[in-house]
Structure formats: structure tokens, C-alpha cells
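Notes follow the structure.
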Amino acid sequence: MSEAPRQPKKRQKYSYADKYDMVLFNDVNDLSSTVDCYFPSLTSLKRHSAKNLVLDWASPKNRAKIEANAKST
């Protein structure tokens with residue numbers, strides 16, 4: 017019996033404007049509130065990944081690029 021081929025997982029791509037909104041929200045609120053607001057239905061493991069994603073976007077190196085691209089669109 018052969019199994020059906022697995023479908024690849026679909027990834028969510030966020031625009032620079034969305035990323036910038038999340039970073040600004042994170043500046044005013046804490047990280048848990050940011051994840052709750054923008055990623056409401058995640059499991060524990062996925063929540064941890066989302067927190068790392070927001071922290072990466074909020075880092076000074078990435079933030080400047082995200083801010084510049086968000087304002088240009």
C-alpha cells in the first residue's frame with residue numbers, strides 16, 4: 017500500500033507594513049500581548065517560534081530595514 021504524497025506546509029508571509037505594526041505594538045506592550053494579538057490561535061511550541069520572530073524583527077539591525085521598507089510602500 018503506498019501512501020499519498022505529503023503536501024508541504026504553507027508558510028505565512030508578512031508584509032513589511034505588518035511586521036512594522038507588530039514591532040510598534042511590541043514597543044508599547046509586552047511580547048506575550050503582541051503574540052496574543054497577532055497570533056491568537058497558536059500552540060505552545062508555535063507561540064515560542066512567533067515570539068522569536070517578533071524579537072528578530074524588533075532587533076536594531078532588522079528594524080531599520082523593516083521601517084524603511086514599510087514607509088516606502
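Under this note's numbering, think of the first position of the sequence shown as 17, with each following residue one higher. All C-beta atoms in this analysis are idealised placements derived from N, C-alpha and C, irrespective of residue type, glycine included.
Check	Outcome
Thr89, DSSP secondary structure in three states	coil
Within 7 angstroms, strictly: CB atoms of Asp74 and Asn45	For the sequence presented, residue 74 should be read as Ala rather than Asp. Not closer than 7 angstroms, so no.
Cutoff 7 angstroms; reference Leu58; Cβ partners in own chain excluding five residues on either side	Ala66
Which listed residue (Ser31, Ala20 and Lys25) has its alpha carbon closest to that of Ser88	Ser31
Straight-line Cα distance separating Tyr36 from Ile82	6 angstroms
Helix, strand or coil at Arg27 according to DSSP, with G and I counted as helix	coil
Collapsed DSSP secondary structure at Phe55 in the structure displayed	coil
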